[in-house]
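Peer 1: Numbered according to the working numbering, the sequence shown spans residues 1 to 291.
Even glycine gets a Cβ: it sits at the ideal position worked out from N, Cα and C.
Take a look at this one; I'll ask things after.
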Amino acid sequence: MKVLNIGSLNYDYVYQVNHIVREGETILSDDMQTFCGGKGLNQSIALAKAGIKVFHAGLVGEEGTLLLDTCKEFGVDTSLIQRIAGKSGHTIIQVDKKAQNSILLFGGANQSLTREMIESWMAQFSAGDLLLLQNEVNELPFIIETASQQELFIALNPSPFNEKLLACDLSKVSLFLLNEIEGEQISGEKDANRMLAVLGERYPEAKVILTLGERGSIYYERNEMIQQGIFPAKAVDTTAAGDTFTGYFIASMIEGLLPQRCLEIASYASSLAVSRMGAVSSIPMRSEVIL
Ligand code: RIB
């Protein structure tokens with residue numbers, strides 16, 4: 001099975017703040033760092049660090065060399081990443097004293113995918129291969145449709161949730177990985193059990209992984225529910241914790257591990273990620289995920 005991730009690549013400009021800036025307010029940040037990130041890139045690197053060969057497809061702008069080099073450094077196949085005129089995607093991330101963040105996302109090159117590019121990338125994959133997606137690139141409905149026609153296994157992290165996701169035929173998704181905010185946005189329910197019931201009814205063939213922050217995570221498939229607690233960690237920055245969870249869950253699933261073990265490994269990997277600053281820099285290597 002080959003693994004393709006069509007996803008975003010961003011520069012993350014991360015500012016330490018006392019509190020997240022309020023409307024109309026100007027505040028001072030006394031520490032700022034730049035990291036490579038983007039949900040797509042983070043998840044590809046999490047897969048690669050977990051030991052899975054992954055092809056990343058996407059776009060960077062003229063100043064995208066570091067994004068490409070970072071993918072290569074961790075063994076991600078970058079042959080399907082193209083460079084275009086203009087700027088790469090970037091984010092402005094504020095991290096407060098409690099390690100909570102807020103993210104302003106500029107799409108840049110990530111929003112310039114064309115159908116021709118997508119078709120040429122996907123022509124290199126076939127039935128049974130796994131396609132991982134998030135919602136930081138354009139043309140998601142077309143990608144899902146094409147992947148379904150090719151009988152790829154589609155894993156979707158519907159993040160960030162917005163109206164563009166509503167244009168997708170989500171019944172073609174085989175695996176959803178989402179947090180409780182996205183769960184509420186998709187299902188209209190606040191309670192985790194009710195979210196899962198709605199998703200299970202709407203997408204009966206899909207597996208759903210719901211992460212609940214400090215309350216752990218749940219695997220749900222055809223009324224079977226498996227729960228996993230968290231591994232306590234001193235949080236310094238939660239950026240990319242969800243991406244780490246996604247990468248490690250999928251890597252463990254590809255290895256053929258049982259869902260409970262996949263949850264356990266993914267939870268432990270993301271507990272290590274929250275205890276470190278940044279996106280890519282916070283994702284642990286497989287050799288660190290020992291339990
Ligand atoms: O999930 C974390 C990522 O979301 C960050 O790296 C940032 O780029 C945003 O896309």
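Determine which residues share a DSSP beta bridge with His56 and list them.
Peer 2: Answer is Asn5.
Peer 1: Looking at the structure shown, is Glu136 part of a helix, part of a strand, or coil, going by DSSP?
Peer 2: The answer is coil: DSSP assigns Glu136 none of H, G, I, E or B.
Peer 1: Is DSSP giving Tyr339 helix, strand or coil here?
Peer 2: Here the chain covers residues 1 to 291 and nothing more, so residue 339 does not appear.
Peer 1: Compute every distance between the C-beta of Asp243 and the non-hydrogen atoms of the ligand RIB, then say whether any falls below 7 Å.
Peer 2: Correct: Asp243 has its Cβ closer than 7 Å to the ligand RIB.
Peer 1: Where does Met277 sit, in a helix, a strand or coil, going by DSSP?
Peer 2: In this structure, Met277 counts as coil in the three-state DSSP scheme.
Peer 1: Counting only runs that start and end within the stretch 117-181, where is the beta strand (DSSP E) found for 3 or more residues in a row?
Peer 2: Whole beta strand (DSSP E) segments, 3+ residues: 130-133, 153-156, 175-179.
Peer 1: Whole angstroms are fine: how far does the CA of Gly247 sit from the CA of Gly107?
Peer 2: When rounded, the distance between both Cα atoms is 22 Å.
Peer 1: Measuring CB to CB, does Pro259 end up less than 8 Å from Ile230?
Peer 2: Their beta carbons are not under 8 Å apart, which means Pro259 does not touch Ile230 by this criterion.
Peer 1: For Phe106, which residues does DSSP report across the bridge?
Peer 2: Paired residue(s): His90.
Peer 1: From the DSSP output, read off the bridge partner residues of Cys262.
Peer 2: Bridge partners of Cys262: none, in fact.
Peer 1: Pick helix, strand or coil for Thr239, following the three-state DSSP scheme.
Peer 2: Looking at Thr239 - three-state DSSP - the assignment turns out to be coil, as it is neither helix nor strand.
Peer 1: Given the structure, does Leu177 come close to the ligand RIB, in the sense that its CB is under 7 Å from one of the ligand's heavy atoms?
Peer 2: Leu177: no, Cβ never under 7 Å from the ligand RIB.
Peer 1: For Gln43, which three-state DSSP category applies?
Peer 2: Helix.
Peer 1: Do three or more CB pairs link the stretch 207-226 to the stretch 178-194 at distances below 8 Å?
Peer 2: Taking 8 Å as the limit for Cβ pairs, the verdict is that the stretch 178-194 does touch the stretch 207-226.
Peer 1: Here's a check: name, in chain order, each residue in its chain whose Cβ is nearer than 6 Å to the Cβ of Asp292, leaving out the five neighbours to either side.
Peer 2: Since the first residue of the chain shown is 1 and the last is 291, residue 292 is not available in this structure.
Peer 1: Determine, using beta carbons only, whether Ala99 and Thr238 come nearer to each other than 8 Å.
Peer 2: Yes, these two residues count as a Cβ contact at 8 Å.
Peer 1: Between which two residues does the beta strand (DSSP E) containing Glu73 stretch?
Peer 2: First-last for Glu73: 65-73, but that is the alpha helix (DSSP H), not the beta strand (DSSP E).
Peer 1: So, at 6 Å on beta carbons, what are the nonlocal neighbours of Lys87 in its own chain, with the 5 sequence-adjacent residues on each side left out?
Peer 2: Cβ neighbours of Lys87 beyond the five flanking positions: Gly61, Gly108.
Peer 1: When DSSP labels each residue in this structure, what does Arg22 get in the three-state scheme?
Peer 2: The answer is coil: DSSP assigns Arg22 none of H, G, I, E or B.
Peer 1: Need the endpoints of the beta strand (DSSP E) that Asp31 sits in, please.
Peer 2: 31-37 is the span of the beta strand (DSSP E), which, as asked, contains Asp31.
Peer 1: Run through DSSP, which three-state label would Gln111 get?
Peer 2: Correct three-state label for Gln111: helix.
Peer 1: Taking the alpha carbon of Ala269 as the point to measure from, which residue in Ala240, Lys172, Gly24, Leu257 has its own alpha carbon closest?
Peer 2: The candidate whose alpha carbon is nearest that of Ala269 is Ala240.
Peer 1: Taking Phe35 as the reference, give the member of Ile283, Glu288, Lys234, Leu175 with the closest Cα.
Peer 2: Among Ile283, Glu288, Lys234, Leu175, the Cα nearest to that of Phe35 is on Ile283.
Peer 1: Taking just the CA atoms, how far does Val274 sit from Ser44?
Peer 2: If I take the Cα positions, the gap works out to 18 Å.
Peer 1: Taking three-plus beta-carbon pairs below 8 Å as touching, is the stretch 143-160 in contact with the stretch 46-56?
Peer 2: At 8 Å Cβ cutoff, the stretches do not touch.
Peer 1: Cβ of Ser8 within 8 Å of Cβ of Gln134?
Peer 2: Their beta carbons are under 8 Å apart, which means Ser8 touches Gln134 by this criterion.
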